[in-house]
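In our numbering, the protein residues as written are 61 to 379.
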């Protein structure tokens with residue numbers, strides 16, 4: 061009798077399982093909060109986008125659990141990136157960064173690059189611009205280049221050595237032969253001060269800073285966008301001038317290497333849902349960001365190409 065009862069109970073359990081959809085039988089993901097690590101301080105572009113994304117996820121109930129932003133700055137993004145790299149590959153720890161993960165390796169701040177992580181998605185890009193003071197005698201990039209070639213070493217550029225803006229300049233110098241002398245600076249206000257004070261002739265800025273830099277008497281003379289950038293109307297691209305030099309800061313989401321494909325797919329689906337909201341479109345406009353969304357093989361190929369470019373310029377950067 062006992063044996064028959066056990067068999068009946070087993071049959072009932074099996075029937076229940078068969079009638080339950082596979083998705084419901086599998087452990088729900090996520091079933092606890094996800095950490096989104098930003099390897100920079102509060103208030104930077106990566107931090108701003110991380111908080112926009114997580115806010116929309118929560119407001120729209122895109123995931124059953126919240127995504128929590130955690131700032132882990134240090135060593136040019138290496139500290140936060142390493143924390144994600146060394147986390148369990150379960151989808152509960154993500155990284156939102158950009159090409160900083162590449163510059164950190166080139167500068168010797170990290171012993172790993174983007175290939176140590178799992179690319180999840182690209183979430184918008186904002187391109188860089190070359191700028192001079194409004195009072196500068198150099199009205200165009202051609203004027204600047206002519207002066208540099210006539211008097212080598214005369215053109216000074218204010219930059220953050222080893223950062224993305226520095227590498228953007230290096231790609232342009234390699235293509236055009238500009239070869240400016242670099243004046244060390246860090247934040248945007250310092251680069252503006254160098255231009256306005258006559259301590260540098262040119263500097264690279266993010267197009268997202270457009271309002272701030274133009275209100276400070278700075279004139280744009282070149283865009284690093286691969287195509288005309290509607291956020292910098294009338295500004296010629298390097299390509300349109302005949303120089304193969306493009307550089308856009310790209311918002312990338314990574315997961316630890318080996319994160320299960322189904323969990324990556326869940327995260328990609330959530331990010332895509334955020335990307336498609338009217339609220340996100342408004343934020344892209346607000347921050348002068350081109351709304352790009354990449355995933356899978358296309359994203360992996362792009363990251364590999366970007367990394368190759370950074371490695372090719374490594375010898376030109378003082379350590």
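Virtual Cβ for every residue (Gly too), placed ideally from N, Cα, C.
Check whether the Cβ atoms of residue i and residue j sit closer than 7 Å, and answer yes or no.
{"i": "residue 334", "j": "residue 116", "result": "yes"}
{"i": "residue 323", "j": "residue 151", "result": "yes"}
{"i": "residue 305", "j": "residue 315", "result": "no"}
{"i": "residue 190", "j": "residue 235", "result": "no"}
{"i": "residue 157", "j": "residue 268", "result": "no"}
{"i": "residue 149", "j": "residue 318", "result": "yes"}
{"i": "residue 111", "j": "residue 153", "result": "no"}
{"i": "residue 126", "j": "residue 93", "result": "yes"}
{"i": "residue 194", "j": "residue 277", "result": "yes"}
{"i": "residue 355", "j": "residue 181", "result": "yes"}
{"i": "residue 331", "j": "residue 179", "result": "no"}
{"i": "residue 380", "j": "residue 328", "result": "In this structure the chain extends from 61 to 379, so residue 380 is not present and cannot be described."}
I'd like the list of long-range same chain contacts for residue i, defined as Cβ closer than 8 Å, with 5 residues on each side in sequence excluded.
{"i": "residue 243", "result": "216, 217, 218, 219, 254, 259 and 260"}
{"i": "residue 205", "result": "236, 237 and 238"}
{"i": "residue 228", "result": "188, 264, 284, 305 and 307"}
{"i": "residue 282", "result": "189, 190, 201, 232, 295, 296, 297, 298 and 301"}
{"i": "residue 374", "result": "166"}
{"i": "residue 107", "result": "98, 100, 101, 129 and 131"}
{"i": "residue 230", "result": "373, 376 and 377"}
{"i": "residue 118", "result": "126 and 127"}
{"i": "residue 114", "result": "96, 126, 127, 128 and 129"}
Let's test the definition: count the other Cβ atoms within 10 Å of the Cβ of residue i and tell me whether it reaches 16, buried, or not, exposed.
{"i": "residue 85", "result": "Note that residue 85 scores a pLDDT of 44, beneath 50, so its modelled location is shaky; the value from the coordinates is reported in the next line. So residue 85 ends up on the exposed side."}
{"i": "residue 293", "result": "exposed"}
{"i": "residue 287", "result": "exposed"}
{"i": "residue 280", "result": "buried"}
{"i": "residue 240", "result": "buried"}
{"i": "residue 289", "result": "buried"}
{"i": "residue 184", "result": "buried"}
{"i": "residue 199", "result": "exposed"}
{"i": "residue 275", "result": "exposed"}
{"i": "residue 142", "result": "buried"}
{"i": "residue 213", "result": "exposed"}
{"i": "residue 210", "result": "exposed"}
What residue from the options has the CA that sits closest to residue i's CA?
{"i": "residue 266", "options": "144, 252 and 238", "result": "252"}
{"i": "residue 312", "options": "250, 232, 160 and 276", "result": "160"}
{"i": "residue 99", "options": "129, 112, 89 and 113", "result": "129"}
{"i": "residue 196", "options": "179, 249, 257 and 180", "result": "257"}
{"i": "residue 367", "options": "340, 377, 174 and 376", "result": "174"}
{"i": "residue 249", "options": "230, 273 and 213", "result": "273"}
{"i": "residue 336", "options": "321, 325 and 352", "result": "352"}
{"i": "residue 370", "options": "144, 226 and 325", "result": "226"}
{"i": "residue 186", "options": "350, 365 and 171", "result": "350"}
Suppose the cutoff is 7 Å on Cβ atoms and the five residues either side in sequence are ignored; what does the same chain contact list for residue i look like?
{"i": "residue 169", "result": "135, 136 and 138"}
{"i": "residue 223", "result": "163"}
{"i": "residue 147", "result": "153 and 316"}
{"i": "residue 361", "result": "none"}
{"i": "residue 245", "result": "218, 219, 220, 251 and 254"}
{"i": "residue 145", "result": "172, 176, 177 and 316"}
{"i": "residue 325", "result": "none"}
I'd like the list of long-range same chain contacts for residue i, defined as Cβ closer than 6 Å, with 5 residues on each side in sequence excluded.
{"i": "residue 208", "result": "215 and 238"}
{"i": "residue 343", "result": "112"}
{"i": "residue 82", "result": "Bear in mind that a pLDDT of 48 at residue 82, under 50, signals an unreliable position, so the model cannot answer this."}
{"i": "residue 203", "result": "none"}
{"i": "residue 91", "result": "none"}
{"i": "residue 109", "result": "311"}
{"i": "residue 122", "result": "330 and 333"}
{"i": "residue 133", "result": "100 and 101"}
{"i": "residue 339", "result": "116"}
{"i": "residue 140", "result": "97, 99 and 132"}
Could you tell me whether the Cβ of residue i comes closer than 7 Å to any Cβ of chain C?
{"i": "residue 121", "result": "The structure shown contains no chain C; it is built from a single protein chain."}
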